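Below: one structure, written as structure tokens.
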């Protein structure tokens with residue numbers, strides 16, 4: 104699969120249907136940045152009438168993971184990827200359309216190049232910040248990704 108906005112949204116439908124049903128969608132992506140949105144709706148709300156934290160986590164993780172996938176594809180190598188840890192902070196109720204942005208594509212690229220050069224697994228943290236329609240930060244999530252060359 105060639106990594107693009109449309110192919111990632113199709114990937115959600117077939118491989119991560121819970122994210123697709125909840126409304127998680129990739130909106131923009133290049134080598135450095137990925138933007139993912141999700142709208143607060145009945146299907147993804149908590150009892151307090153805001154977006155359930157897990158839905159925010161799906162969108163935030165996708166914003167980071169899509170960049171890792173793109174950089175792996177660009178490398179032309181067989182590389183596995185996995186989330187090892189995550190940290191989250193919530194600062195405001197998530198209502199309306201929430202936009203998650205990750206600007207750490209070059210960090211993923213450097214870590215993948217290091218994994219290729221050394222043959223050793225690499226771990227690195229990527230940040231995704233969620234803002235509401237007013238531009239107010241509602242959550243900040245960090246994901247520790249690990250990448251490792253696959254044995255052929």
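Residue numbers (this note's numbering): 104 to 255.
Beta carbons: idealized from backbone N, C-alpha and C, even for Gly.
Predicted model, so just to flag it, every value in this text is computed and none were measured.
Where residue 174 is concerned, the enclosing alpha helix (DSSP H) starts and stops at 156 to 178. Counting the other CB atoms within 10 Å of its CB gives residue 222 a total below 16, which places it among the exposed residues. If you draw a straight line from the Cα of residue 107 to the Cα of residue 114, it comes to about 10 Å.
Rounded to the nearest whole angstrom, the CA to CA distance from residue 180 to residue 151 is 45 Å. Rounded to whole angstroms, the separation of the alpha carbons of residue 196 and residue 178 is 39 Å.
Taking all protein chains shown into account, residue 254 has fewer than 16 neighbouring C-beta atoms within 10 Å of its C-beta and is therefore exposed. Contact annotation: residue 226 and residue 249 have beta-carbon atoms nearer than 8 Å.
Residue 157 counts as exposed, since fewer than 16 other beta carbons sit within 10 angstroms of its beta carbon. The Cβ neighbour count for residue 164, taken over all protein chains shown within 10 Å, is at least 16; the residue is labelled buried. Per the DSSP secondary-structure output, residue 137 pairs in a beta bridge with 132 and 205. Sequence-distant partners of residue 124 (beyond 5 residues in either direction) whose C-beta falls short of 7 Å from its own C-beta, in its chain, are 146.
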